[in-house]
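Data block below; observations after.
There are 2 protein chains.
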Amino acid sequence: MTDSNRTRPRRSTAPTMLHVAEAARVSVATVSAVINGTAIVSPELTARIEAAIRDIGYKRNAIARSLKMGKTRTIGLTVADITNPFFTDVVAVLQEVLHRAGYAVMLCSNDEDMEMQDEQIQLLLDRMVDGLIIAPAGDDANLKRILGGTKVPIVLIDRICDGVEADAVILDNQRAVFDATTYMLQLGHRRIGYVSGSLDTSTGRDRLEGYHRALEASGVPFDETLVRFGNFREADAYNASMQLLTQPDRPSAIFSANNLMVIGVMKAIRDIGLSCPEDVSVVCFDDFPWADVFRPQLTAVAQPVRAIGEQTAQLILDRLAGRIEDEPRRLVLQGRLMIRNSCRPHASLLQGATA
Amino acid sequence: MTDSNRTRPRRSTAPTMLHVAEAARVSVATVSAVINGTAIVSPELTARIEAAIRDIGYKRNAIARSLKMGKTRTIGLTVADITNPFFTDVVAVLQEVLHRAGYAVMLCSNDEDMEMQDEQIQLLLDRMVDGLIIAPAGDDANLKRILGGTKVPIVLIDRICDGVEADAVILDNQRAVFDATTYMLQLGHRRIGYVSGSLDTSTGRDRLEGYHRALEASGVPFDETLVRFGNFREADAYNASMQLLTQPDRPSAIFSANNLMVIGVMKAIRDIGLSCPEDVSVVCFDDFPWADVFRPQLTAVAQPVRAIGEQTAQLILDRLAGRIEDEPRRLVLQGRLMIRNSCRPHASLLQGATA
DNA sequence: CTGAAAGCGCTTACAG
DNA sequence: CTGAAAGCGCTTACAG
Chain Z
-15 MTDSNRTRPR
-5 RSTAPTMLHV
5 AEAARVSVAT
15 VSAVINGTAI
25 VSPELTARIE
35 AAIRDIGYKR
45 NAIARSLKMG
55 KTRTIGLTVA
65 DITNPFFTDV
75 VAVLQEVLHR
85 AGYAVMLCSN
95 DEDMEMQDEQ
105 IQLLLDRMVD
115 GLIIAPAGDD
125 ANLKRILGGT
135 KVPIVLIDRI
145 CDGVEADAVI
155 LDNQRAVFDA
165 TTYMLQLGHR
175 RIGYVSGSLD
185 TSTGRDRLEG
195 YHRALEASGV
205 PFDETLVRFG
215 NFREADAYNA
225 SMQLLTQPDR
235 PSAIFSANNL
245 MVIGVMKAIR
255 DIGLSCPEDV
265 SVVCFDDFPW
275 ADVFRPQLTA
285 VAQPVRAIGE
295 QTAQLILDRL
305 AGRIEDEPRR
315 LVLQGRLMIR
325 NSCRPHASLL
335 QGATA
Chain L
-15 MTDSNRTRPR
-5 RSTAPTMLHV
5 AEAARVSVAT
15 VSAVINGTAI
25 VSPELTARIE
35 AAIRDIGYKR
45 NAIARSLKMG
55 KTRTIGLTVA
65 DITNPFFTDV
75 VAVLQEVLHR
85 AGYAVMLCSN
95 DEDMEMQDEQ
105 IQLLLDRMVD
115 GLIIAPAGDD
125 ANLKRILGGT
135 KVPIVLIDRI
145 CDGVEADAVI
155 LDNQRAVFDA
165 TTYMLQLGHR
175 RIGYVSGSLD
185 TSTGRDRLEG
195 YHRALEASGV
205 PFDETLVRFG
215 NFREADAYNA
225 SMQLLTQPDR
235 PSAIFSANNL
245 MVIGVMKAIR
255 DIGLSCPEDV
265 SVVCFDDFPW
275 ADVFRPQLTA
285 VAQPVRAIGE
295 QTAQLILDRL
305 AGRIEDEPRR
315 LVLQGRLMIR
325 NSCRPHASLL
335 QGATA
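Line order of the protein sequences matches chains Z and L. Once you know that position 95 of the first sequence is 79 in the numbering used here, the rest is easy, because the numbers rise by one and skip nothing. Once you know that position 120 of the second sequence is 104 in the numbering used here, the rest is easy, because the numbers rise by one and skip nothing.
Okay, here's the thing in structure tokens:
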């Protein structure tokens, strides 16, 4: 059928633009023009080319295009733990709006391991992602070095790293924990256990600071035996809570610095033979979709997940489009304390009430 | 410093292999050889080249490499809903082992929307992913067409599509639901509501079939007013359960065909003023990490998440390496019923016991 | 409105 | 053991 003289063996590789050009008897430049709408092509040629594309089943090779254009239309995304519903929810939103804008997203999760994180970011950068969204596992020097050398727009979410030149969208963690702690104090709790995240993260530090400040504001002395480190993981939080609850004058309430850890806290309470909220009140950071149908209904700090995702996506899209070019921006959103039934007034208050 | 005669203005673009070659005074072929260890290069040259790479801060451009090599070392992954903890857990495992094998993963989530799914798969294919892992949103003809044209290895997880030529790793859904339903029947329940997933998915069909068979095996007649469709989403399941629970002779137990839906089921039970397990027993498909610390402690079918992830990753890695080349394989894993406290014996049995 | 040609940054026979 | 050159599949000035 084809009258081309140098018979090209029908190879199993995908058809290329050249094949289309041959079939439509035009140049590849013209094919490219119609595919990209990048120049006006006569109706006849357009039709011939479109037919050829259809016949041959041609698909543009995005890799070749990326090489030539210097952009890949993909965004790299690393989160500390994809298993954490908070990150998952944010990722879902990001994915949705970025995809709508024509970007693919490459996702990495590193289980809070900084070395793996750095490796992953390297891998993303090697693949020439156009932008990078990072919920950093921690605050290490390597990250700063790796990111320092790159030109791609970066936005940090949830956690920030001081040395890194990047936009950020985060929560007002200190304020949120201040409010949550104050709530517990108002219920009469004086010994409030605190299961902390890693202090290598800004969230770990800011949340603990919120706890601190709330105690201070209420004139309750800080007792360092009441803070234990759970590093944002369930198992660690379980151990931390076991220690907290088996020490002499045990806390009457516990604050868990994230969602994964509160499971460990609850398991410890159960395993020791106590119950929540009867024996110990609990508040945690991050809300759950099921929090108001299972008991105890957890009192929790809810983050505006959709807003975080949307604003992050918008920010990076604006950078990519060159719509903003000034120095790094920092967006700080507010959390909301969802008061449910995992806290009880402290015994002292109850006695006061009945007396 | 550089004695090159055609002075190359220090552009802001990343350094290329040619820059390294010039700096080390060798050809790019030699640079490539030492970077890839693809040929033996004398120690002196190697040292010079490595020094140049370090000085210049050269990083290999993976896009150019992909174009030349015809492979991208990235795997596309689409799941119906990244917000679903089951998928999240599998994704985490996949990501981990694939990354360890040197692959990046491009993730898409489509909120159970088939059109968006097809678009995403197209996007992944355009970007020349080396392989595709899909938890299909549904069973549409378009998917078959899109996938039909491609040569990349595909593995379906969780759900299968009959027309698609691909490996698959799935659960024995029918068996799992058979067991779960049988458990409820043994507790004396006769009117068991069933909140189903979409019948456009194999899991939707197979799970419902398991329910069917269990009733049949126990000689309990099938009542179609007891099955409602929740399409794997919380809100739909809520409505489905409201209908189920407000109909005349309401069910004494409900089976939820996945994890997201059970939240809707529980909300409906609560909003109607009933409680679980006192008024209605509940069992669901998919386990939760917190299932045994919050009440009611849900009785659930647990999937072997890690095994699913690992076997899927292994399968696609084996295909990519050409270690297996025969016809599509199908791996079927078994679920496990985790009996906890969300079911009570039916009143008729209790009376029998006390009488 | 259309085409010939260069080049994006790599890899890889092929000579030497 | 090393280098000159072609080519992966695109896009884009530049002529006509």
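Beta carbons are placed, not taken as given, at the ideal position from N, Cα and C, and that holds for glycine.
Query: CB contact below 9 angstroms: ARG189 (chain L) versus chain Z; Result: no
Query: Whole beta strand (DSSP E) elements within the stretch 153 to 238 of chain L, 3-residue minimum; Result: 176 to 180 and 211 to 213
Query: Per-residue contacts from HIS3 (chain L) into chain Z (C-beta, under 7 angstroms); Result: Near HIS3 (chain L) there are no residues of chain Z at all, since even the closest Cβ is about 15 angstroms away, more than 7 angstroms.
Query: Cα-Cα separation, ASP270 (chain L) to THR22 (chain Z); Result: 50 angstroms
Query: Chain Z contacts made by the stretch 268 to 284 of chain L, where a contact means CB separation under 7 angstroms; Result: PRO273, TRP274, VAL277, PHE278 and ARG279
Query: Length of the line joining the Cα atoms of ASP151 (chain L) and ASP114 (chain L); Result: 15 angstroms
Query: Chain L within 9 angstroms of ARG(-8) (chain Z), Cβ atoms only; Result: Caution is warranted here: a pLDDT of 38 is assigned to ARG(-8) (chain Z), below 50, making its placement in the model unreliable, and no coordinate value can be reported.
Query: Three-state class that DSSP yields for LEU140 (chain Z) in the structure shown; Result: strand
Query: Beta strand (DSSP E) segments (min. 3 residues) lying fully within the stretch 277 to 332 of chain Z; Result: 283 to 286, 314 to 317 and 320 to 322
Query: Listed by chain order, chain L residues near GLY115 (chain Z) by CB distance under 9 angstroms; Result: Result: empty, since nearest Cβ-Cβ is about 15 angstroms, beyond 9 angstroms.
Query: Which residues DSSP lists as bridging SER265 (chain L), in chain order; Result: L:ALA237
Query: First through last residue of the beta strand (DSSP E) which encompasses GLY115 (chain L); Result: 115 to 118
Query: Buried versus exposed, by CB contacts within 10 Å (16 or more), ILE182 (chain L); Result: Contrary to the premise, residue 182 (chain L) reads as Ser rather than Ile in this sequence. Buried.
Query: Counted within 10 angstroms of its Cβ, other Cβ atoms place VAL77 (chain Z) as buried (16 or more) or exposed; Result: buried
Query: Element boundaries [alpha helix (DSSP H), containing GLY132 (chain Z)]; Result: 125 to 132
Query: For GLN227 (chain Z), the nearest candidate out of Z:ASN243, Z:ALA237, Z:GLU218 and Z:LEU210 (CA to CA); Result: Z:LEU210
Query: Neighbouring residues, chain L, relative to LYS128 (chain Z) (Cβ below 7 angstroms); Result: Within 7 angstroms Cβ-Cβ: nothing; LYS128 (chain Z) doesn't reach chain L, min ~15 angstroms.
Query: ALA297 (chain L) to ARG49 (chain L) span [Cα, whole Å]; Result: 24 angstroms
Query: Residues of the stretch 67 to 94 of chain Z whose Cβ lies closer than 8 angstroms to any Cβ of chain L, in chain order; Result: THR67, PRO69, THR72, ASP73, VAL75, ALA76, GLN79, GLU80, HIS83, ALA88, VAL89, MET90, LEU91, CYS92 and SER93
Query: ALA17 (chain L), DSSP secondary structure in three states; Result: helix
Query: Through-space distance from GLY132 (chain Z) to VAL148 (chain Z), alpha-carbon basis; Result: 7 angstroms
Query: Touching by the beta-carbon criterion (3+ pairs, under 8 angstroms), the stretch 155 to 173 of chain L and the stretch 188 to 196 of chain L; Result: yes
Query: Test item: CB-CB of VAL249 (chain Z) and ASP73 (chain Z) under 9 angstroms; Result: no
Query: Under 7 angstroms by beta carbon: chain Z residues contacting ASN45 (chain L); Result: MET112
Query: C-alpha distance - PHE162 (chain Z) paired with ILE308 (chain L), whole-angstrom precision; Result: 57 angstroms
Query: is_contact[GLU218 (chain L), chain Z] using C-beta, thresh 9 angstroms; Result: yes
Query: Buried/exposed call for GLU96 (chain L), threshold 16 Cβ in 10 Å; Result: buried
Query: Three-pair Cβ contact test at 8 angstroms for the stretch 50 to 68 of chain L versus the stretch 45 to 63 of chain Z; Result: yes
Query: Boundaries of the beta strand (DSSP E) in which VAL148 (chain L) is found, first to last residue; Result: Careful: VAL148 (chain L) lies outside any beta strand (DSSP E) and carries neither H nor E.
Query: Separation of GLU6 (chain L) from GLU103 (chain Z), as counted between CA atoms; Result: 28 angstroms
Query: Bridge-paired residues (DSSP) for GLY248 (chain Z); Result: Per DSSP, none; premise fails for GLY248 (chain Z).
Query: The stretch 249 to 260 of chain Z / the stretch 314 to 324 of chain Z touching (three or more Cβ pairs under 8 angstroms); Result: no
Query: Through-space distance from LEU229 (chain L) to ALA221 (chain L), alpha-carbon basis; Result: 12 angstroms
Query: Three-state class that DSSP yields for THR72 (chain Z) in the structure shown; Result: helix
Query: Three-state class that DSSP yields for SER93 (chain Z) in the structure shown; Result: strand
Query: Helix, strand or coil at ALA121 (chain Z) according to DSSP, with G and I counted as helix; Result: coil
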